[in-house]
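Trainee: I'd like to ask some things about the structure below.
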Amino acid sequence: MYVAVKGGEAAIANAHALLADRRRGDRSLPALGIGQIIEQLGLAVDRAMAEGSLYDRELAALAIIQARGDLIEAIFLVRAFRTTLPRFGYSRPIDTGRMLIERRVSATFKDLPGGQVLGPTFDYTHRLLDPEIASGDDVPAPATRDTVPENAPRVTDLLAHEGLIEPDNPLDNAEDTVGDLTREPLQYPLDRDLRLQALARGDEGFLLALGYSTQRGYARSHPFVGEIRIGEVEVEFDVPELGFAVSLGRIRVTECQMVNQFKGSAKVPPQFTRGYGLVFGQSERKAMSMSLCDRALRARELGEDISAPAQDEEFVISHLDNVQATGFVEHLKLPHYVDFQAELDLVRKMRAEQQEAAE
Amino acid sequence: MSAAPSYNFAYLDEQTKRMIRRAILKAIAIPGYQVPFASREMPMPYGWGTGGVQVTAAIIGANDVLKVIDQGADDTTNAVSIRAFFAKVARVQTTTHTHAASIIQTRHRIPEKPLHAGQVLVYQVPIPEPLRFLEPRETETRKMHALEEYGLMHVKLYEDIARHGHIATTFAYPVKIEGRYVMDPSPTPKFDNPKMHMSPALQLFGAGREMRIYALPPFTEVVSLDFEDHPFEIQHFDQPCALCAATGVYLDEVILDDQGGHMFVCSDTDNCEERRAQGHRGALAGHRLEAGR
Numbered sequence: 006m007y008v009a010v011k012g013g014e015a016a017i018a019n020a021h022a023l024l025a026d027r028r029r030g031d032r033s034l035p036a037l038g039i040g041q042i043i044e045q046l047g048l049a050v051d052r053a054m055a056e057g058s059l060y061d062r063e064l065a066a067l068a069i070i071q072a073r074g075d076l077i078e079a080i081f082l083v084r085a086f087r088t089t090l091p092r093f094g095y096s097r098p099i100d101t102g103r104m105l106i107e108r109r110v111s112a113t114f115k116d117l118p119g120g121q122v123l124g125p126t127f128d129y130t131h132r133l134l135d136p137e138i139a140s141g142d143d144v145p146a147p148a149t150r151d152t153v154p155e156n157a158p159r160v161t162d163l164l165a166h167e168g169l170i171e172p173d174n175p176l177d178n179a180e181d182t183v184g185d186l187t188r189e190p191l192q193y194p195l196d197r198d199l200r201l202q203a204l205a206r207g208d209e210g211f212l213l214a215l216g217y218s219t220q221r222g223y224a225r226s227h228p229f230v231g232e233i234r235i236g237e238v239e240v241e242f243d244v245p246e247l248g249f250a251v252s253l254g255r256i257r258v259t260e261c262q263m264v265n266q267f268k269g270s271a272k273v274p275p276q277f278t279r280g281y282g283l284v285f286g287q288s289e290r291k292a293m294s295m296s297l298c299d300r301a302l303r304a305r306e307l308g309e310d311i312s313a314p315a316q317d318e319e320f321v322i323s324h325l326d327n328v329q330a331t332g333f334v335e336h337l338k339l340p341h342y343v344d345f346q347a348e349l350d351l352v353r354k355m356r357a358e359q360q361e362a363a364e
Numbered sequence: 009m010s011a012a013p014s015y016n017f018a019y020l021d022e023q024t025k026r027m028i029r030r031a032i033l034k035a036i037a038i039p040g041y042q043v044p045f046a047s048r049e050m051p052m053p054y055g056w057g058t059g060g061v062q063v064t065a066a067i068i069g070a071n072d073v074l075k076v077i078d079q080g081a082d083d084t085t086n087a088v089s090i091r092a093f094f095a096k097v098a099r100v101q102t103t104t105h106t107h108a109a110s111i112i113q114t115r116h117r118i119p120e121k122p123l124h125a126g127q128v129l130v131y132q133v134p135i136p137e138p139l140r141f142l143e144p145r146e147t148e149t150r151k152m153h154a155l156e157e158y159g160l161m162h163v164k165l166y167e168d169i170a171r172h173g174h175i176a177t178t179f180a181y182p183v184k185i186e187g188r189y190v191m192d193p194s195p196t197p198k199f200d201n202p203k204m205h206m207s208p209a210l211q212l213f214g215a216g217r218e219m220r221i222y223a224l225p226p227f228t229e230v231v232s233l234d235f236e237d238h239p240f241e242i243q244h245f246d247q248p249c250a251l252c253a254a255t256g257v258y259l260d261e262v263i264l265d266d267q268g269g270h271m272f273v274c275s276d277t278d279n280c281e282e283r284r285a286q287g288h289r290g291a292l293a294g295h296r297l298e299a300g301r
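As you go down the protein sequences, you meet chains A and B in turn. Take any residue in the first sequence, count from 1 to its spot, add 5: that is its number in our numbering. Take any residue in the second sequence, count from 1 to its spot, add 8: that is its number in our numbering.
Written as structure tokens, this is what we have:
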């Protein structure tokens with residue numbers, strides 16, 4: 006009886022064997038392959054890569070299978086692998102202006118250089134369950150354009166010509182380095198670079214809810230989608246021995262530039278301000294939520310009142326990481342006998358004292 | 009598939025270990041001060057000992073002998089899991105004997121047997137900030153530590169006395185280190201606080217999710233906060249361990265049936281087993297303890 010409470014090695018081994026069995030499921034059905042996950046559950050792979058902070062479709066797909074489809078568990082697996090990788094340097098900033106665009110929409114301009122491109126979107130689909138998919142439907146090849154796509158400058162760059170929107174703040178000085186939250190512990194207050202890093206790997210659901218809260222009046226920021234673009238960009242790396250940048254390959258990213266009204270303050274004239282979102286893979290929901298949160302979190306910088314949860318940097322950044330959150334919430338199922346014993350003692354003592362006093 | 013994943017000795021890469029060692033050295037130099045460090049994701053969840061595991065991974069060598077306890081016990085599932093982790097990734101010898109271990113990683117307890125010089129006790133810490141539940145903001149609590157402004161903590165303890173007649177904190181009971189920093193001893197019962205004082209062992213505290221490391225070098229003064237008229241006192245149990253008859257040790261209450269029957273047994277399983285091997289017998293000893301394992 007007493008020992009059974011304490012668990013043991015055999016119990017752990019058996020539990021893991023059962024888990025592996027449940028993961029595999031009915032052996033008469035074919036096992037999932039990594040290729041199937043990459044090709045047919047691509048958006049799940051994208052989320053595991055984005056919040057796992059590791060661009061590797063195969064490993065993300067493996068993690069999804071291993072996690073039985075639990076995406077936060079898959080993200081955790083990816084992170085725990087990523088953290089062991091040596092860092093040999095930092096790439097050049099990617100240039101989303103030179104993206105090979107698959108989707109690009111702007112809500113602020115009807116037409117613009119480069120055009121609007123719908124791409125593979127759920128928008129305007131009717132959400133009716135389609136039984137043909139279950140029966141293994143034959144999907145015809147999609148139409149493709151045969152013209153070379155014209156140059157599609159970023160909407161914010163177009164607005165910047167008129168000075169209507171705050172400028173991007175490029176790293177002009179050599180001493181301006183971008184922080185790295187995976188190498189340096191976060192110290193509040195944060196600069197925007199670190200905030201954006203944290204947001205980029207933050208939980209989609211958490212950021213969605215916070216972004217939503219800004220639309221419902223908790224730090225309203227009058228946002229417009231200046232532009233969302235999805236496509237592949239080249240990652241370039243400066244090799245010191247060579248003296249020039251080499252391409253490491255292409256990654257698919259989703260970028261959202263939110264344009265927000267700003268009445269101006271003592272420090273800044275009236276102009277449009279920006280909220281920025283950038284996510285691995287295809288995830289508009291995450292990129293849009295991220296840009297709403299980014300804008301809300303700039304309250305201090307822009308001299309706005311800080312009154313809502315989405316503007317509270319310590320609150321948002323401390324709680325957006327789902328690997329941290331799930332670990333700490335779920336650690337409550339670990340034994341706490343020792344502390345509970347101390348509390349039992351205390352409650353008994355206090356009850357006895359109260360009873361004594363009553364008598 | 010990308011290259012098959014392979015892992016370094018003790019899981020972490022060497023640069024990361026160096027970074028953690030630097031944080032540990034700083035922590036030892038400023039006892040009780042929380043040193044921020046760039047905590048890594050570990051292959052176990054946050055809140056399950058990632059801070060302690062990183063500290064252990066940074067200091068463990070091939071010749072170390074590791075003991076891992078959770079709630080005082082070596083056979084608690086999470087302790088088993090962490091011990092197996094290091095046996096696998098560092099191939100070190102493990103033990104359940106307190107005196108035989110060079111590194112002891114613990115969650116929520118300090119072993120009953122006094123530690124000796126040369127041993128390292130690594131604590132897993134969930135919330136390293138003793139002031140966190142009084143002030144949720146890191147920017148504020150950092151300032152309070154810098155200014156040695158601990159009035160809020162004393163007010164909290166005073167309010168306990170005013171309301172209950174005694175201090176109603178039973179674990180994670182705040183301590184003051186060398187008259188300077190107020191420190192969270194991790195959620196050990198206050199019963200264990202006196203063991204931290206002037207311990208010949210090195211005590212390291214790792215909080216992974218909160219990215220903090222702090223330390224008590226050997227022979228550091230550790231004083232539990234109290235008032236002159238309400239001195240600090242530890243828990244006392246009315247009965248000895250039902251298995252080994254030990255007194256003056258921390259006991260777990262084990263429920264025996266649904267009629268309110270219960271027994272008290274040692275939380276420190278190694279100490280209890282050793283005493284029974286020496287022939288000590290408690291009131292309920294004689295059960296086949298291996299049953300149910």
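Cβ coordinates follow ideal geometry from the N, Cα and C atoms, glycine included.
Can you tell me whether DSSP reads His-107 (chain B) as helix, strand or coil?
Mentor: The residue labelled residue 107 (chain B) in the question sits at position 99 within the second sequence. Three-state DSSP puts His-107 (chain B) in a helix.
Trainee: Can you tell which of B:Ala-250, B:Asp-246, B:Ala-170 and B:Arg-150 has the C-alpha that lies nearest to the C-alpha of Met-191 (chain B)?
Mentor: In the second sequence, counting from the first residue as 1, residue 191 (chain B) sits at position 183. It is B:Arg-150 whose Cα lies nearest to the Cα of Met-191 (chain B).
Trainee: Using the rule of at least 16 other Cβ atoms within 10 Å of the residue's Cβ for burial, across every protein chain shown, is Tyr-95 (chain A) buried or exposed?
Mentor: What you label residue 95 (chain A) is simply residue 90 of the first sequence in a count that begins at 1. Label assigned to Tyr-95 (chain A): exposed.
Trainee: Check whether the Cβ of Ile-17 (chain A) lies closer than 8 Å to any Cβ atom in chain B.
Mentor: In the first sequence, the residue the question calls residue 17 (chain A) occupies position 12. Taking Cβ atoms only, chain B reaches closer than 8 Å to Ile-17 (chain A), which makes this a yes.
Trainee: By the 9 Å beta-carbon criterion, what residues does the segment 154–180 of chain B contribute toward chain A?
Mentor: The segment 154–180 of chain B vs chain A, Cβ under 9 Å: His-172, Gly-173, His-174, Ala-176, Thr-177, Thr-178, Phe-179 and Ala-180.
Trainee: Whose C-alpha, out of A:Leu-90, A:Leu-59, A:Leu-117 and A:Val-238, is nearest the C-alpha of Thr-161 (chain A)?
Mentor: As a position in the first sequence, residue 161 (chain A) is number 156, starting the count at 1. With distances taken between Cα atoms, Thr-161 (chain A) lies closest to A:Leu-117.
Trainee: What did DSSP end up calling Thr-58 (chain B) once you bin it into helix, strand or coil?
Mentor: For this step, residue 58 (chain B) is matched to residue 50 along the second sequence. Helix.
Trainee: Cβ closer than 8 Å: which chain A residues qualify as neighbours of His-116 (chain B)?
Mentor: As a first step, residue 116 (chain B) is located in the second sequence; it is residue number 108 there, counting from the start. In chain order: His-341, Val-343 and Asp-344.
Trainee: Taking CB distances under 8 Å as the criterion, tell me whether Val-88 (chain B) reaches chain A.
Mentor: Taking the second sequence and counting its residues from 1, one reaches residue 88 (chain B) at position 80. Chain A, which has a Cβ nearer than 8 Å to the Cβ of Val-88 (chain B), makes this yes.
Trainee: Could you tell me the alpha carbon to alpha carbon distance between Thr-84 (chain B) and Phe-141 (chain B), rounded to whole angstroms?
Mentor: Walking along the second sequence from the start, residue 84 (chain B) turns up at place 76. Walking along the second sequence from the start, residue 141 (chain B) turns up at place 133. Roughly 28 Å separates the two Cα atoms.
Trainee: Compare the beta carbon distance of Val-73 (chain B) and Gln-113 (chain B) with 8 Å and say whether it is the shorter of the two.
Mentor: Position 65 of the second sequence, counted from the first residue, corresponds to residue 73 (chain B). Position 105 of the second sequence, counted from the first residue, corresponds to residue 113 (chain B). No; because the gap between Cβ atoms is not below 8 Å, this pair is not in contact.
Trainee: Hey, how far is the Cα of Ala-18 (chain A) from the Cα of Leu-24 (chain A)?
Mentor: In the first sequence, counting from the first residue as 1, residue 18 (chain A) sits at position 13. In the first sequence, counting from the first residue as 1, residue 24 (chain A) sits at position 19. Distance between the alpha carbons of Ala-18 (chain A) and Leu-24 (chain A) is about 10 Å.
Trainee: Please tell me whether Glu-49 (chain B) has its Cβ less than 8 Å away from any Cβ of chain E.
Mentor: Chain labels in this structure do not include chain E; the protein chains are A and B.
Trainee: Which ranges would you report for the beta strand (DSSP E) in the segment 185–242 of chain B if only whole runs of at least 3 residues count?
Mentor: Those beta strand (DSSP E) runs which fall completely within the segment 185–242 of chain B and span 3+ residues are 189–191, 210–215, 220–224 and 230–232.
Trainee: With DSSP run on the structure shown, which of helix, strand or coil describes Ile-175 (chain B)?
Mentor: Counting from one through the second sequence, the residue named residue 175 (chain B) turns up at place 167. The answer is coil: DSSP assigns Ile-175 (chain B) none of H, G, I, E or B.
Trainee: Quick one: is Arg-301 (chain B) near chain A, going by C-beta distance under 8 Å?
Mentor: Position 293 of the second sequence, counting from 1, holds the residue named residue 301 (chain B). Unreliable positioning characterises Arg-301 (chain B) in this predicted model, as indicated by a pLDDT of 33, which lies under 50. The coordinate reading is nonetheless provided below. Arg-301 (chain B) counts as touching chain A.
Trainee: Tell me whether Glu-361 (chain A) is buried or exposed, calling it buried when 16 or more other Cβ atoms sit within 10 Å of its Cβ.
Mentor: The residue given as residue 361 (chain A) occupies position 356 in the first sequence. When all chains shown are included, Glu-361 (chain A) counts as exposed.
Trainee: Using a Cβ-Cβ cut-off of 8 Å, state whether Met-6 (chain A) counts as contacting chain B.
Mentor: Looking up residue 6 (chain A) in the first sequence gives position 1. Per-residue confidence for Met-6 (chain A) stands at a pLDDT of 36, beneath the threshold of 50, marking its modelled position as unreliable; the derived number appears in the next sentence. Yes, contact with chain B.
Trainee: Using a C-beta to C-beta distance shorter than 9 Å, which residues of chain A count as neighbours of Phe-240 (chain B)?
Mentor: On the second sequence, position 232 is the one that residue 240 (chain B) refers to. Going along chain A, no residue has its Cβ under 9 Å from Phe-240 (chain B), so there is no contact; the nearest lies around 14 Å.
Trainee: By the 9 Å beta-carbon criterion, what residues does the segment 93–111 of chain A contribute toward chain B?
Mentor: The segment 93–111 of chain A vs chain B, Cβ under 9 Å: nothing.
Trainee: Determine which residues share a DSSP beta bridge with Ala-250 (chain A) and list them.
Mentor: Position 245 of the first sequence, counted from the first residue, corresponds to residue 250 (chain A). DSSP, once it has assigned bridges, lists A:Asp-243 as partnering Ala-250 (chain A).
Trainee: Identify the contact partners of Phe-45 (chain B) in chain A, using a Cβ-Cβ distance below 7 Å as the criterion.
Mentor: In the second sequence, residue 45 (chain B) corresponds to position 37, counting from 1. Neighbours of Phe-45 (chain B) on chain A, chain order: Pro-190.
Trainee: Count the other CB atoms within 10 Å of the CB of Arg-353 (chain A); is the residue buried (16 or more) or exposed (fewer)?
Mentor: Walking along the first sequence from the start, residue 353 (chain A) turns up at place 348. Flag for Arg-353 (chain A) reads exposed.
Trainee: If you pair each beta-carbon of the segment 42–53 of chain A with each one of the segment 74–89 of chain A, do three or more pairs fall below 8 Å?
Mentor: With a cut-off of 8 Å, the segment 74–89 of chain A and the segment 42–53 of chain A count as touching, because enough Cβ pairs lie within range.
Trainee: Does the Cβ-Cβ distance between Cys-249 (chain B) and Val-262 (chain B) come in under 8 Å?
Mentor: Reading the second sequence from its first residue, position 241 is the one you call residue 249 (chain B). Reading the second sequence from its first residue, position 254 is the one you call residue 262 (chain B). Not a contact, by the Cβ cut-off of 8 Å.
Trainee: Does the segment 255–268 of chain A come close enough to the segment 293–311 of chain A to have 3 or more Cβ pairs within less than 8 Å?
Mentor: Touching, yes.
Trainee: Listed from N- to C-terminal order along the chain, which residues in the segment 36–69 of chain A have their beta-carbon within a distance smaller than 8 Å of any beta-carbon of chain B?
Mentor: The segment 36–69 of chain A vs chain B, Cβ under 8 Å: Ile-39, Asp-61, Glu-63, Leu-64 and Leu-67.
Trainee: Using the Cβ count rule (16 or more neighbours within 10 Å means buried), how would you classify Thr-58 (chain B)?
Mentor: Here residue 58 (chain B) refers to the residue found at position 50 when the second sequence is read from its first residue. Flag for Thr-58 (chain B) reads buried.
Trainee: Going by the DSSP bridge assignment, what does Ile-77 (chain B) pair with across the sheet?
Mentor: For the purposes of this step, residue 77 (chain B) is taken as the residue at position 69 of the second sequence. DSSP, once it has assigned bridges, lists B:Thr-114 as partnering Ile-77 (chain B).
Trainee: Under the assumption that Gln-62 (chain B) contacts Tyr-222 (chain B) (Cβ atoms under 8 Å), give the Cβ distance between them as a whole number of angstroms.
Mentor: For the purposes of this step, residue 62 (chain B) is taken as the residue at position 54 of the second sequence. For the purposes of this step, residue 222 (chain B) is taken as the residue at position 214 of the second sequence. Rounded, the Cβ-Cβ distance is 13 Å, inconsistent with contact.
Trainee: Does the beta carbon of Ser-275 (chain B) sit closer than 8 Å to a beta carbon anywhere in chain A?
Mentor: Residue mapping note: residue 275 (chain B) aligns to position 267 of the second sequence, counting from 1. Answer yes: the Cβ-Cβ gap between Ser-275 (chain B) and chain A drops below 8 Å somewhere.
Trainee: For a contact defined as C-beta to C-beta under 8 Å, what are the partners of Gly-269 (chain B) on chain A?
Mentor: To locate residue 269 (chain B), count along the second sequence from 1; it is residue 261. Going along chain A, no residue has its Cβ under 8 Å from Gly-269 (chain B), so there is no contact; the nearest lies around 11 Å.
Trainee: Is the separation between the beta-carbon of Val-284 (chain A) and that of Val-258 (chain A) shorter than 8 Å?
Mentor: Numbered from 1 along the first sequence, position 279 holds the residue referred to as residue 284 (chain A). Numbered from 1 along the first sequence, position 253 holds the residue referred to as residue 258 (chain A). Yes, the Cβ-Cβ distance between Val-284 (chain A) and Val-258 (chain A) is below 8 Å.
Trainee: Inspect the CB distances between the segment 275–292 of chain A and the segment 131–143 of chain A and report whether three or more fall short of 8 Å.
Mentor: Because the criterion of three Cβ pairs below 8 Å is not met, the segment 275–292 of chain A and the segment 131–143 of chain A do not touch.
Trainee: Does the beta carbon of Glu-364 (chain A) come closer than 8 Å to any beta carbon on chain B?
Mentor: In the first sequence, the residue the question calls residue 364 (chain A) occupies position 359. With 8 Å as the cut-off, Glu-364 (chain A) does not count as an interface residue toward chain B.
Trainee: Please determine, among A:Arg-206, A:Pro-125, A:Arg-132 and A:Asp-61, the residue with the shortest C-alpha to C-alpha distance to Leu-325 (chain A).
Mentor: Looking up residue 325 (chain A) in the first sequence gives position 320. Here the closest residue by C-alpha is A:Arg-206.
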